[in-house]
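Colleague: Structure in structure tokens, see below.
2 protein chains.
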Amino acid sequence: MDALQSLRRRYLQLVDNLSPSARTAYDAVTRRELLPKGYYLCRQGFVCRTIATLQSGSARIFHLKPEGRSGATDVTTAFFFPGDFVTSFQSFYLQVPSQSAIQLLEESAVTLLDYDALQSLRAAYPEIDQIDRLSNDYYTMWLEQRIFSLQFHTAAERYADLLRNEPYLVQKVPLSYIASYLGITLETLSRIRARID
Amino acid sequence: MDALQSLRRRYLQLVDNLSPSARTAYDAVTRRELLPKGYYLCRQGFVCRTIATLQSGSARIFHLKPEGRSGATDVTTAFFFPGDFVTSFQSFYLQVPSQSAIQLLEESAVTLLDYDALQSLRAAYPEIDQIDRLSNDYYTMWLEQRIFSLQFHTAAERYADLLRNEPYLVQKVPLSYIASYLGITLETLSRIRARID
DNA sequence: AAGCCGATTTGACTAATGTCAAAAACGGTC
DNA sequence: GACCGTTTTTGACATTAGTCAAATCGGCTT
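One line per chain: the protein sequences are A and B, in this order.
Position one of the first sequence corresponds to residue 475 (my numbering), numbered consecutively onward.
Position one of the second sequence corresponds to residue 475 (my numbering), numbered consecutively onward.
As structure tokens, then:
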């Protein structure tokens, strides 16, 4: 877990210390935008063509499953924070339709980069290829840790972890997002919260 | 899911079609071994120094947690099959102590490659770097899918999936491994099986 | 074939979580 | 400050999975 954070620092440093030529090339193909709360960076069923670097704000990735008796259920599988590269991994790297949607949780400043542009940058600048690789490794380890947590910890422990790691999140997003992220219903989450204080 | 398998085929093809020079360099630094059932490719708490390509046989990666009242509990988090690159991802790529152990489930033929040797090969042969990257991407997508399955499917559905995707597995490994992999107790798994036929 | 040992199944009971429905709390608007 | 819609909490009950213990099954040995 500490190893995870140091990996994250490594790729963020590489981003900050791009060589002038790589920086110029990067700036030429990316665009910075301030996008409103609720904006979709990626829609379920569509190919995710861009990867966003989150400068400020937050986002979530979620999956809509149709069947549920009481309408569709919306299950959040991850949250994103500043410094994260935001995309639907499989959809972006394989350019296939996404199984999930990504939505901003608040107004956010992002830097957008298209798939083709990223591939060109990677081919031309080893340092950018390195960032891409490290950030993917980071994501992979984050996933490993999440599975660990889903398999080994109780819902109450997972909520406590979340409170510890992302306290601000609990302030600003609906409980239903957090509950589905933890793999429980919002009633159960509410009861866990009641028991804590 | 289909995208996943095609990605796997892509990296396996690259392995088969290495250029003669890359092949020679690869053969020079790897060793093929036939290892017995129960052999540990990696021990919990130690740095995983090698990555194994599984030629035949199978393996599992598991985590021992000490606390349990009735002795330590042993939770399987993945199984490996021929064509897989077998290692503890975080431990190998960051060279930090592993949180899990990897054990052969039967006598297996493997090709062993040390961390330093892999880094040299990657630097010298772009095609090997490409294989490493694709296989990591494959693993990442596999993890994503596994989280999906843990979060969206019931234990019974996950067992049915396993039966469909890895039928041979059910024949040769103890139910307790499969149960912990599915995130349930072996009694529950036994009851699920009883209900199926 | 009998005996043994580990793996699996079954049973009875308990604990945890889900479901459905209603009440309370909260936020923004007029 | 009253009103409205949304979010969160609470309650009662059903369902699912976990726990502990005993019975059965299967393969192996002698």
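All residues carry an ideal CB built from backbone N, CA and C; glycine is no exception.
State whether the region 483-494 of chain B contacts the region 622-636 of chain B, with contact taken as three or more CB pairs (one from each stretch) at a distance under 8 Å.
Modeller: no
Colleague: Can you check whether the C-beta of phenylalanine 520 of chain B is within less than 8 Å of a C-beta belonging to chain A?
Modeller: The residue you call residue 520 of chain B lines up with position 46 of the second sequence. Not one chain A Cβ lies under 8 Å of phenylalanine 520 of chain B.
Colleague: According to DSSP, isoleucine 525 of chain A sits in a beta bridge with which residue or residues?
Modeller: By 1-based counting over the first sequence, the position of residue 525 of chain A is 51. Isoleucine 525 of chain A is bridged to A/Leu587.
Colleague: Looking only at its own chain, which residues have a Cβ that is under 6 Å from the Cβ of alanine 591 of chain A, when we skip the five neighbours before and after it?
Modeller: Indexing the first sequence from 1 puts residue 591 of chain A at position 117. So the qualifying residues of the chain are Val503.
Colleague: Tell me which same chain residues have a C-beta within less than 7 Å of the C-beta of glycine 545 of chain A, skipping the five on either side of it?
Modeller: Here residue 545 of chain A corresponds to residue number 71 of the first sequence, with the count starting at 1. For glycine 545 of chain A, the predicted structure reports a pLDDT of 48, less than 50, and the residue's modelled location is therefore unreliable. The matter cannot be settled from this model.
Colleague: If we count the other Cβ atoms within 10 Å of its Cβ and call it buried at 16 or more, is alanine 668 of chain A buried or exposed?
Modeller: Residue 668 of chain A sits at position 194 when you count from the first residue of the first sequence. Per the 10 Å Cβ criterion, exposed.
Colleague: Which of the three DSSP states is assigned to serine 654 of chain B in this structure?
Modeller: One-based indexing of the second sequence puts residue 654 of chain B at position 180. The DSSP-derived three-state label of serine 654 of chain B is helix.
Colleague: Given 8 Å as the limit, is there contact between the region 513-529 of chain A and the region 629-649 of chain A, that is, 3 or more CB pairs closer than that?
Modeller: Segments in contact, no.
Colleague: Could you please give the first and the last residue of the uninterrupted alpha helix (DSSP H) stretch that includes tyrosine 514 of chain B?
Modeller: Looking up residue 514 of chain B in the second sequence gives position 40. Tyrosine 514 of chain B -> not in any alpha helix (DSSP H); beta strand (DSSP E) instead, spanning 514-516.
Colleague: Taking only beta-carbon atoms, is arginine 607 of chain B less than 8 Å away from chain A?
Modeller: Reading the second sequence from its first residue, position 133 is the one you call residue 607 of chain B. Contacts with chain A at 8 Å (Cβ-Cβ) include arginine 607 of chain B.
Colleague: Please say whether leucine 579 of chain B and valine 647 of chain B have beta carbons closer to each other than 8 Å?
Modeller: Along the second sequence, read from residue 1 onward, the residue named residue 647 of chain B stands at position 173. Along the second sequence, read from residue 1 onward, the residue named residue 579 of chain B stands at position 105. Cβ atoms of valine 647 of chain B and leucine 579 of chain B: closer than 8 Å.
Colleague: In the structure shown, what three-state DSSP assignment does threonine 662 of chain B receive?
Modeller: Indexing the second sequence from 1 puts residue 662 of chain B at position 188. Helix at threonine 662 of chain B.
Colleague: Run the proximity test for histidine 627 of chain A: is its beta-carbon closer than 7 Å to any non-hydrogen atom belonging to the ligand FAD?
Modeller: Looking at this structure, you won't find the ligand FAD or any other ligand, since it has none at all.
Colleague: Please return the same chain residues whose Cβ sits closer than 6 Å to the Cβ of tyrosine 655 of chain B, not counting the five positions on each side in sequence.
Modeller: Taking the second sequence and counting its residues from 1, the one referred to as residue 655 of chain B is at position 181. Counting only residues of its own chain and dropping the five nearest sequence neighbours on each side, tyrosine 655 of chain B has a CB closer than 6 Å to the CB of Thr550.
Colleague: Which chain A residues sit within Cβ distance under 7 Å of alanine 477 of chain B?
Modeller: Position 3 of the second sequence holds residue 477 of chain B. Ordered by position in chain A, the residues that pass the 7 Å Cβ test against alanine 477 of chain B are Gln564, Leu568, Val570.
Colleague: Using only alpha-carbon positions, find the residue among B/Ile605, B/Ser609, B/Leu508, B/Phe536 that is nearest to glycine 657 of chain B.
Modeller: By one-based count along the second sequence, residue 657 of chain B stands at place 183. Of B/Ile605, B/Ser609, B/Leu508, B/Phe536, the residue nearest in Cα terms is B/Phe536.
Colleague: Counting only runs of 4+ residues fully inside the region 586-652 of chain A, write out the alpha helix (DSSP H) ranges in chain order.
Modeller: Every alpha helix (DSSP H) stretch that sits fully inside the region 586-652 of chain A and reaches 4 residues is listed by chain position as 589-598, 600-626, 629-639, 641-646.
Colleague: Please list the terminal residues of the continuous beta strand (DSSP E) segment that includes threonine 551 of chain A.
Modeller: In the first sequence, residue 551 of chain A corresponds to position 77, counting from 1. Threonine 551 of chain A -> beta strand (DSSP E) spans 547-554.
Colleague: Excluding five sequence neighbours on each side, which residues of the same chain lie with their C-beta closer than 6 Å to the C-beta of asparagine 539 of chain B?
Modeller: Taking the first residue of the second sequence as 1, we reach residue 539 of chain B at position 65. The question names asparagine, but residue 539 of chain B in the sequence shown is lysine. Cβ neighbours of lysine 539 of chain B beyond the five flanking positions: Thr547.
Colleague: Taking all protein chains shown into account, do 16 or more other C-beta atoms lie within 10 angstroms of the C-beta of serine 572 of chain B, making it buried, or fewer, making it exposed?
Modeller: Taking the second sequence and counting its residues from 1, one reaches residue 572 of chain B at position 98. Buried.
Colleague: Between the region 556-576 of chain B and the region 507-519 of chain B, do three or more beta carbon pairs fall short of 8 Å?
Modeller: yes
Colleague: Could you tell me the boundaries of the alpha helix (DSSP H) in which leucine 486 of chain A lies?
Modeller: Here residue 486 of chain A is taken as the residue at index 12 of the first sequence, counted from 1. Counting along the chain, the alpha helix (DSSP H) containing leucine 486 of chain A begins and ends at 476-490.
Colleague: Could you tell me how far apart the beta carbons of tyrosine 612 of chain B and leucine 478 of chain B are, in whole angstroms, since I believe they sit closer than 8 Å?
Modeller: Start at 1 with the first residue of the second sequence, and residue 612 of chain B comes out as number 138. Start at 1 with the first residue of the second sequence, and residue 478 of chain B comes out as number 4. Going by Cβ atoms, the distance from tyrosine 612 of chain B to leucine 478 of chain B rounds to 7 Å, so yes, they are a contact pair.
Colleague: Nearest to arginine 431 of chain A by CA position, among A/Ser650, A/Arg607, A/Ser664, is which residue?
Modeller: Since the displayed chain A opens at 475 and closes at 671, residue 431 of chain A lies outside it and no answer follows.
Colleague: In chain order, what residues of the same chain lie with their CB nearer than 7 Å to the CB of alanine 630 of chain A, ignoring the 5 residues before and after it?
Modeller: Walking along the first sequence from the start, residue 630 of chain A turns up at place 156. Counting only Cβ-Cβ distances below 7 Å, and skipping sequence neighbours, we find Ile666.
Colleague: Where does threonine 498 of chain B land, buried or exposed, given buried means 16+ other C-beta within 10 angstroms?
Modeller: Residue 498 of chain B sits at position 24 when you count from the first residue of the second sequence. Threonine 498 of chain B should be labelled exposed.
Colleague: Determine whether the beta carbon atoms of isoleucine 621 of chain B and isoleucine 652 of chain A lie at a separation below 8 Å.
Modeller: Translated into the one-based positions of the second sequence, residue 621 of chain B becomes position 147. Translated into the one-based positions of the first sequence, residue 652 of chain A becomes position 178. The Cβ atoms of isoleucine 621 of chain B and isoleucine 652 of chain A lie no closer than 8 Å to each other.
Colleague: Count the other C-beta atoms from every protein chain shown that fall within 10 angstroms of the C-beta of arginine 505 of chain B, then say buried if there are 16 or more, exposed otherwise.
Modeller: On the second sequence, position 31 is the one that residue 505 of chain B refers to. Exposed.
Colleague: Taking the C-alpha atoms as reference points, what is the distance between tyrosine 485 of chain B and glutamate 618 of chain A?
Modeller: For the purposes of this step, residue 485 of chain B is taken as residue 11 along the second sequence, with counting starting at 1. For the purposes of this step, residue 618 of chain A is taken as residue 144 along the first sequence, with counting starting at 1. Taking the straight line joining both Cα atoms gives about 21 Å.
Colleague: Go ahead and label leucine 587 of chain A buried or exposed: buried means 16 or more other beta carbons lie within 10 angstroms of its beta carbon, across all protein chains shown.
Modeller: Within the first sequence, residue 587 of chain A is the residue found at index 113, counting from 1. By the neighbour-count rule (16 or more Cβ atoms within 10 Å), leucine 587 of chain A is buried.
Colleague: What is the residue span of the beta strand (DSSP E) that glutamine 577 of chain B lies within?
Modeller: One-based indexing of the second sequence puts residue 577 of chain B at position 103. Run containing glutamine 577 of chain B: 575-578, per the beta strand (DSSP E) assignment.
Colleague: Buried or exposed for alanine 597 of chain B, please, with buried defined as at least 16 other CB atoms from any protein chain shown within 10 angstroms of its CB.
Modeller: By one-based count along the second sequence, residue 597 of chain B stands at place 123. Exposed, since its Cβ has fewer than 16 Cβ neighbours within 10 Å.
Colleague: Shorter than 8 Å from the beta carbon of aspartate 611 of chain A to some beta carbon of chain B?
Modeller: Start at 1 with the first residue of the first sequence, and residue 611 of chain A comes out as number 137. Yes, contact with chain B.
Colleague: Please name the residue in B/Leu488, B/Ser664, B/Thr524 whose C-alpha comes closest to that of glutamine 593 of chain B.
Modeller: Position 119 of the second sequence, counted from the start, is the residue given in the question as residue 593 of chain B. The shortest Cα separation from glutamine 593 of chain B among B/Leu488, B/Ser664, B/Thr524 belongs to B/Thr524.
Colleague: Tell me, please, whether the CB atom of glutamine 487 of chain B is closer than 8 Å to any CB atom in chain A?
Modeller: As a first step, residue 487 of chain B must be located in the second sequence, where it is residue number 13. It does not: the Cβ of glutamine 487 of chain B has no partner Cβ on chain A nearer than 8 Å.
Colleague: For arginine 667 of chain A, does the three-state DSSP call read helix, strand or coil?
Modeller: Taking the first sequence and counting its residues from 1, one reaches residue 667 of chain A at position 193. Here arginine 667 of chain A sits in helix by DSSP.
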